[in-house]
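Heads up, the thing below is written out as structure tokens.
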Amino acid sequence: MRRPGRRRGAALPRPVGQIPGRAEIYPALTLALPARAKLNLELEVLQRREDGFHEIRTTFQAIELHDLLEIAPAEKTSLTTTGLTVTNADSVLNAHAAIEQATNRELPVRFRLHKRIPPGSGLGGASSDAATTLRGIAVLYGLDVDLAPIAAQLGADVPFFLKGGKAMAQGRGERLTQLPDELAWFAIAWPRIELSTADVYQAWDDVKGELPNQLRRAAELVEPRLRDLAHTLGPEWQMTGSGSAFFVRCQTQQEAAALTAGKELWTAVTRAIGPWA
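Under the numbering used here, the first residue of the sequence shown is numbered 32, with each subsequent residue one higher.
Written out as structure tokens, the structure reads:
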């Protein structure tokens with residue numbers, strides 16, 4: 032598929048009819064923050080490291096699809112979730128505990144997480160929720176703290192979601208080089224299969240893989256149904272992250288909508304989003 036050209040100097044569009052990328056403080060002192068999803072435009076696994084993690088090189092692209100995290104001051108920390116069913120929402124509470132530890136103070140808040148990003152899909156929902164938790168608490172309490180090292184201890188993808196946009200990631204994914212924005216639409220298809228990132232990387236140790244996503248063969252070993260899904264979707268679709276969602280880049284919103292129409296899968300039409308920090 033021919034990649035659309037980038038218009039020099041053109042800013043990525045702001046979301047229409049959705050929560051903006053920067054926090055808004057409402058009269059009741061509630062922050063409402065979008066936790067954006069991401070795509071891995073390509074993903075290369077270089078080697079398994081001595082610490083058990085894997086050295087990777089990947090290009091992250093933040094997209095408009097998002098969870099919505101509401102944060103408000105409270106006497107005691109609590110979390111409620113709505114939307115898509117998740118097996119756990121530990122990423123939010125883990126991030127909250129990490130920033131409390133880093134600042135050596137209690138930061139009680141009430142969280143309400145509305146899930147729109149499919150879990151176990153390779154779209155980065157849990158990592159984005161964690162990064163958004165850090166950003167939200169820092170704003171709510173006026174904290175002067177470097178969030179990057181806190182994010183890095185929470186997960187390999189979490190540092191990317193502090194800023195978003197488009198970036199080359201190396202190491203475990205924490206070494207980031209920001210890349211120029213591009214205007215792009217994407218069609219996404221998810222088979223409602225949740226994959227464990229750890230299981231997929233463990234399988235990679237045995238089977239390796241090829242570009243554009245060197246984890247795809249490992250993901251198909253962990254979940255053989257993905258092989259049939261990939262065949263049904265067609266060669267232009269590629270897997271994101273450790274799976275199980277697939278995506279294809281499109282030139283227009285209409286093209287993306289046509290590619291998702293009639294599919295008996297969870298689907299989304301979304302676009303690239305520039306940095307929010």
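All C-beta atoms, glycine included, are put in the ideal place defined by N, C-alpha and C.
Report yes if the C-beta distance between residue 144 and residue 62 is below 8 Å; otherwise report no.
Start at 1 with the first residue of the sequence shown, and residue 144 comes out as number 113. Start at 1 with the first residue of the sequence shown, and residue 62 comes out as number 31. In this structure, residue 144 keeps its C-beta atom at 8 Å or more from the C-beta atom of residue 62.
In whole angstroms, give me the CA-to-CA distance for residue 93 and residue 226.
In the sequence shown, the residue the question calls residue 93 occupies position 62. In the sequence shown, the residue the question calls residue 226 occupies position 195. Near 21 Å, if we compare the C-alpha coordinates of residue 226 and residue 93.
Assigned secondary structure, residue 177 (DSSP; H/G/I helix, E/B strand, else coil)
Position 146 of the sequence shown, counted from the first residue, corresponds to residue 177. Secondary structure at residue 177: coil, using DSSP grouped into helix, strand and coil.
Grab the span of the alpha helix (DSSP H) containing residue 256 for me, first residue to last.
Position 225 of the sequence shown, counting from 1, holds the residue named residue 256. Unbroken alpha helix (DSSP H) run through residue 256: 256-264.
With DSSP as the reference, label residue 54 as helix, strand or coil.
On the sequence shown, position 23 is the one that residue 54 refers to. Confidence at residue 54 is low in this model, with a pLDDT of 43, below 50, so the placement of that residue should be treated as unreliable; the coordinate-derived value is given next. Coil, per DSSP.
Taking DSSP as the reference, what is the three-state secondary structure of residue 275?
Taking the first residue of the sequence shown as 1, we reach residue 275 at position 244. Here residue 275 sits in coil by DSSP.
For residue 247, which of helix, strand or coil comes out of DSSP?
Taking the first residue of the sequence shown as 1, we reach residue 247 at position 216. Correct three-state label for residue 247: helix.
Residue 198 versus 79, 75, 91, residue with shortest Cα-Cα distance:
Walking along the sequence shown from the start, residue 198 turns up at place 167. Of the candidates 79, 75, 91, the one whose C-alpha sits nearest the C-alpha of residue 198 is 91.
Quick one: is residue 89 buried, meaning 16 or more other Cβ sit within 10 Å of its Cβ, or exposed?
The residue given as residue 89 occupies position 58 in the sequence shown. Buried.
What residues are listed by DSSP as bridge partners for residue 73?
Taking the first residue of the sequence shown as position 1, residue 73 is located at position 42. 90.
Hey, out of 278, 181, 82, whose CA is closest to residue 135's CA?
By 1-based counting over the sequence shown, the position of residue 135 is 104. Ranking 278, 181, 82 by Cα distance to residue 135 puts 181 first.
Would a C-beta distance cut-off of 8 Å place residue 161 and residue 195 closer than the cut-off?
To locate residue 161, count along the sequence shown from 1; it is residue 130. To locate residue 195, count along the sequence shown from 1; it is residue 164. Contact: no.
Looking only at DSSP bridge pairs, what is residue 211 linked to?
The residue you call residue 211 lines up with position 180 of the sequence shown. DSSP, once it has assigned bridges, lists no residue as partnering residue 211.
Which one of 224, 106, 213, 131 has the shortest CA to CA distance from residue 150?
Along the sequence shown, read from residue 1 onward, the residue named residue 150 stands at position 119. Checking every option, the nearest Cα to that of residue 150 belongs to 224.
Cβ distance (whole Å) where residue 257 is taken to contact residue 275 below 8 Å
Within the sequence shown, the letter at position 226 stands for residue 257. Within the sequence shown, the letter at position 244 stands for residue 275. With a Cβ gap of about 6 Å, residue 257 and residue 275 count as contacting.
Sort 132, 98, 174, 191 by Cα distance to residue 156 and report the nearest one.
On the sequence shown, position 125 is the one that residue 156 refers to. Of 132, 98, 174, 191, the residue nearest in Cα terms is 98.
Going straight from the alpha carbon of residue 58 to that of residue 64, what length do you get?
Taking the sequence shown and counting its residues from 1, one reaches residue 58 at position 27. Taking the sequence shown and counting its residues from 1, one reaches residue 64 at position 33. Legend: pLDDT at residue 58 = 44, less than 50; position of this residue unreliable, value from coordinates given subsequently. Approximately 15 Å, taken between the alpha carbons.
Is it buried or exposed, residue 163, if we count other Cβ atoms within 10 angstroms and call 16 or more buried?
Numbered from its first residue, the sequence shown carries residue 163 at position 132. By the 10 Å Cβ count, residue 163 comes out buried.
Return helix, strand or coil for residue 190, following the three-state DSSP convention.
Sequence index remark: in the sequence shown, residue 190 carries index 159 (1-based). Helix, per DSSP.
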